[in-house]
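Using the working numbering, read the sequence shown as starting at 3 and increasing by one per residue.
For each residue, glycine too, the CB sits at the ideal point set by N, CA and C.
Have a look at the structure below before the remarks.
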Amino acid sequence: MVKIIETNQLIKSYKNAKVVNQIDLSVDQGDIYGFLGPNGAGKTTTIRMLLGLIKPTSGDIKIFGKKLQNHKMEILRGIGSLVEYPSYYGNLTGLENLEAIRRLLQVKDKKRNLDILKVVGLTDAKDKLVKNYSLGMKQRLGIGIALLGSPQLLILDEPTNGLDPAGIQEIRELIKTLPNLYGITIMISSHLLNEVDQMANKVGIINQGQLIFQNSIEELRKKSNPRIVMRTNDSLSAESILQQEGWSVTLKDNGELEINETEDSKIAYITDKLVRKNMEIYRIQEQKRSLEDIFLEITNKRGVIS
């Protein structure tokens, strides 16, 4: 895979405190990379370093395979970004805002403005003053401005922050369409795992300046450790019967049996075994931790989660 972003032992310190501590990011071409962490974890500081807005204390940044410190202007021309809140001219219309930025970026095709407005769903509001836009519309305009220069990489810092549920869904659906429309790579920071889960194929989790998890969203889901919970008429006897056969079984305080198996054939065997021992099975269900539970667990731990 072609690496779009690579960092090596990236550190940013303020007054001897490491806000970002030796992180090694790896973002492949075509990824929607969710950069997750609690507020204050170091996400925005990292993004500002990637955009050349602040200098790292130490470590290397490569974007498009080139060192940022040596090819800054060339690299930045291939990046679109929306950091924290969009910048716009409130007394201009949406179309006029795009036209102003198009001229600054020296984008030759004037029709690009209308194409962008269509992509971000603002065609009907193109002649409306931006100061009268809703927050969600302003966020969409900000993403449109970031796309205007046809970037290879789009970096979005908390793009759904402050939006209502409808606005969050609009931004989420927009972001999901962009790689297919433009073939671009997206890095999106958030403190909301549920939002990233619905967009990203790869996740990096940062906490207290350290990257504690980086892998596919599927690998994160595997940490849910699904298990079977069973309720019987005599759970104590059922626990004894199954443990004698070597099954990993725990009797919970509420009288339910927790079995660390989820394969259909094994659950069928266990159920049949208990029924043959005259056990009455009242309920069998699969339980798994939510991704939010996993996120809270690993951000409350120290050290890297493999």
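The residues R79, G82, L107 and V109, in chain order, have a CB closer than 8 Å to that of G151 in the same chain once the five nearest residues on each side in sequence are set aside. Taking a C-beta distance under 8 Å as the contact criterion, M281 and Y35 do not qualify as a contact pair.
Beta bridge pairing from DSSP links R233 with R285. Counting along the chain, T301 sits inside no beta strand (DSSP E); it lies in the alpha helix (DSSP H) bounded by residues L293 to T301. In the structure shown, D126 adopts helical secondary structure according to DSSP, grouped into three states. The beta carbon of I56 sits closer than 6 Å to those of R50, all from its chain and outside the five residues before and after it, given in chain order. Under the three-state reduction of DSSP output, L116 falls in the helix class. The residues T95 and L97, in chain order, have a CB closer than 7 Å to that of D129 in the same chain once the five nearest residues on each side in sequence are set aside. Around the beta carbon of N262, fewer than 16 other beta carbons lie within 10 angstroms, which makes this residue exposed. Under the three-state reduction of DSSP output, I25 falls in the strand class. By the C-beta density criterion, E197 is buried, having at least 16 other C-beta atoms within 10 angstroms. Leaving aside the five residues that flank T162 on each side, the residues in its chain whose CB is nearer than 8 Å to its CB run, in chain order, Q141, G169, I170, I173, R174, S192, L194 and E197. Taking every protein chain shown into account, the CB of P228 has fewer than 16 other CB atoms within 10 angstroms, so this residue is exposed. With a cutoff of 8 Å on beta-carbon distance, G44 and V29 are scored as not near each other. When the Cα atoms are used, S267 and E220 turn out to be separated by approximately 24 Å. Counting C-beta pairs closer than 8 Å gives fewer than three between the segment 241–257 and the segment 285–304, which falls short of the contact rule.
By the neighbour-count definition (other C-beta atoms within 10 Å, threshold 16), P58 is a buried residue.
Rounded to the nearest angstrom, the gap between the Cα atoms of P153 and L259 is 54 Å. Relative to K279, the option among T234, K112 and W249 whose CA is nearest is T234.
With respect to the C-alpha of D166, the residue from A19, H73 and M139 having the closest C-alpha is M139. At the C-beta level, G164 and V132 stay beyond 8 Å of one another.
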